[in-house]
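J.: Here it is, the structure, as structure tokens.
Chains as they are written, first to last, in the numbering used here: chain A, 3 to 147; chain B, 3 to 147.
Structure representation (structure tokens):
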């Protein structure tokens, strides 16, 4: 999939750092060290609702969500994954995949708006991104692209 | 799919009213009139994480999520759908499918914990459930069960 007219929403770009390019989605790291938090953005121009993707793209996206979940689990051993497509603030379709811990600051509440974001320090951010890149390149998505 | 050992978590039972039985999931109505809010619970004993379902069940669940989204859209014409699998409080796998409006009380924040639940009045609840039942029986899921 390569949609030449797709561009990342500037608010998502401002809140995140790029991690990887999967078959359908760009993977971004939310700049909030409170939780390991990835965002998948399918490169489909104009997409807003998950359920409006055609079934093949829904299945590809789900495969990439599962991959992101496995990456977070492998690197962080969370107590729970949170997966959500909300889009109330930025309507461009994006899916949150978040590692939650019973010890994290928002637990058991959802993370959105729970506390002000705590940006990564530069070294910490680069280390996380590098580890994610390695894990994504290492793991094959179940749904081939 | 019929998992004889599956039972609905008592907290989910307490917070909701039964609406429909789909091929994989039970559909429940969250008893909060602030938003039209359905919960899908796959009848798979012990399931906690969406990404741990086998791929066929993931696709079936996604088909039922899409169906619930179409039902909410058809009946309520929301401005946005919110879809989420969180499970921080009740770990039994369940997926929220919520109709959001730019005029709803929590907008644009997520609905969880935003305001105390506002239970339906009895007549209103029955009318909603009846309308959902009709809409679910009327619409075929894209993923056959």
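Note that beta-carbon positions come from the ideal geometry of N, C-alpha and C, so glycine has one too.
Just so we're clear, the structure is a prediction, and the values are computed from it rather than from any experiment.
(1) Could you check where the beta strand (DSSP E) with residue 100 of chain B kicks off and where it finishes?
(2) In chain A, which residues lie less than 9 Å from residue 110 of chain B when you measure between Cβ atoms?
(3) Run through DSSP, which three-state label would residue 30 of chain B get?
(4) Pick helix, strand or coil for residue 11 of chain A, following the three-state DSSP scheme.
(5) For a test of the three-state rule: what should DSSP assign to residue 133 of chain A, helix, strand or coil?
(6) Nearest to residue 49 of chain A by alpha carbon, out of B:108, B:51, B:83 and B:98?
(7) When burial is assigned at 16 or more other CB atoms within 10 Å of the CB, is residue 23 of chain B buried or exposed?
(8) Mind checking if residue 1 of chain A is an interface residue toward chain B, Cβ cutoff 8 Å exclusive?
(9) Anyone know if the C-beta pair for residue 85 of chain B and residue 71 of chain B falls short of 8 Å?
(10) Starting from the C-beta of residue 107 of chain A, find all residues in its chain whose C-beta is less than 6 Å away, skip the five residues before and the five after it, and write them out in chain order.
(11) Check the Cβ of residue 66 of chain B against every Cβ in chain A and list those closer than 9 Å, keeping chain order.
(12) Would you list, in sequence order, the uninterrupted alpha helix (DSSP H) runs of no fewer than 4 residues that lie entirely inside the segment 27–78 of chain B?
(13) Check each candidate in B:98, B:136 and B:126 and name the one with the smallest Cα separation from residue 42 of chain B.
(14) Would you identify the three-state DSSP class for residue 23 of chain B, choosing helix, strand or coil?
(15) Which first and last residues belong to the beta strand (DSSP E) in which residue 223 of chain B is found?
(16) Is residue 119 of chain B near residue 33 of chain B, with beta carbons less than 8 Å apart?
(17) Which chain A residues sit within Cβ distance under 9 Å of residue 72 of chain B?
(18) Look at the alpha carbon of residue 146 of chain A and the alpha carbon of residue 28 of chain A, and state the distance between them as a whole number of angstroms.
(19) Quick one: which chain B residues come within Cβ less than 8 Å of residue 114 of chain A?
(20) On the DSSP bridge assignment, give the partners of residue 18 of chain A in chain order.
(21) Whole-angstrom Cβ separation of residue 30 of chain B and residue 130 of chain B, contact assumed at under 8 Å?
T.: On the basis of the supplied data:
(1) Locating residue 100 of chain B in the second chain gives position 98, counting from the first residue. 97–102 is the span of the beta strand (DSSP E), which, as asked, contains residue 100 of chain B.
(2) As a position in the second chain, residue 110 of chain B is number 108, starting the count at 1. Neighbours of residue 110 of chain B on chain A, chain order: 88, 90 and 91.
(3) Translated into the one-based positions of the second chain, residue 30 of chain B becomes position 28. Three-state result, residue 30 of chain B: strand.
(4) Against the first chain, residue 11 of chain A aligns to sequence position 9. Here residue 11 of chain A carries a coil assignment [DSSP, helix/strand/coil].
(5) Here residue 133 of chain A refers to the residue found at position 131 of the first chain. For residue 133 of chain A, the secondary structure class from DSSP, reduced to helix, strand or coil, is helix.
(6) Locating residue 49 of chain A in the first chain gives position 47, counting from the first residue. Measuring C-alpha to C-alpha distances from residue 49 of chain A to each of B:108, B:51, B:83 and B:98 identifies B:83 as the nearest.
(7) By 1-based counting over the second chain, the position of residue 23 of chain B is 21. It counts as exposed.
(8) The requested residue 1 of chain A is not part of the displayed model; chain A covers only 3 to 147.
(9) As a working note, residue 85 of chain B is residue 83 in the second chain. As a working note, residue 71 of chain B is residue 69 in the second chain. Cβ distance < 8 Å, so residue 85 of chain B and residue 71 of chain B count as in contact.
(10) Sequence index remark: in the first chain, residue 107 of chain A carries index 105 (1-based). Counting only residues of its own chain and dropping the five nearest sequence neighbours on each side, residue 107 of chain A has a CB closer than 6 Å to the CB of 36 and 117.
(11) For the purposes of this step, residue 66 of chain B is taken as the residue at position 64 of the second chain. Scanning chain A for C-beta atoms nearer than 9 Å to the C-beta of residue 66 of chain B yields nothing, as the closest lies near 11 Å away.
(12) The qualifying runs are 57–78.
(13) In the second chain, counting from the first residue as 1, residue 42 of chain B sits at position 40. Answer by Cα proximity: B:98.
(14) Counting from 1 along the second chain, the entry for residue 23 of chain B is found at position 21. In the structure shown, residue 23 of chain B sits in a strand (DSSP, three-state: E or B).
(15) Any answer about residue 223 of chain B is impossible in this case: the structure gives chain B only from 3 up to 147.
(16) In the second chain, counting from the first residue as 1, residue 119 of chain B sits at position 117. In the second chain, counting from the first residue as 1, residue 33 of chain B sits at position 31. Contact flag set, yes.
(17) Taking the first residue of the second chain as 1, we reach residue 72 of chain B at position 70. Residues of chain A with a Cβ closer than 9 Å to the Cβ of residue 72 of chain B are, in chain order, 53.
(18) One-based indexing of the first chain puts residue 146 of chain A at position 144. One-based indexing of the first chain puts residue 28 of chain A at position 26. Residue placement at residue 146 of chain A cannot be trusted, given a pLDDT of 46 that sits under 50; the coordinates are not used to answer.
(19) Numbered from 1 along the first chain, position 112 holds the residue referred to as residue 114 of chain A. When 8 Å is used as the limit between beta carbons, residue 114 of chain A is near these residues of chain B: 111 and 112, in chain order.
(20) Taking the first chain and counting its residues from 1, one reaches residue 18 of chain A at position 16. DSSP output for residue 18 of chain A lists A:32 as bridge partner(s).
(21) Here the question's residue 30 of chain B lines up with position 28 in the second chain. Here the question's residue 130 of chain B lines up with position 128 in the second chain. Residue 130 of chain B and residue 30 of chain B do not touch by the CB rule: their CB atoms are close to 12 Å apart, not below 8 Å.
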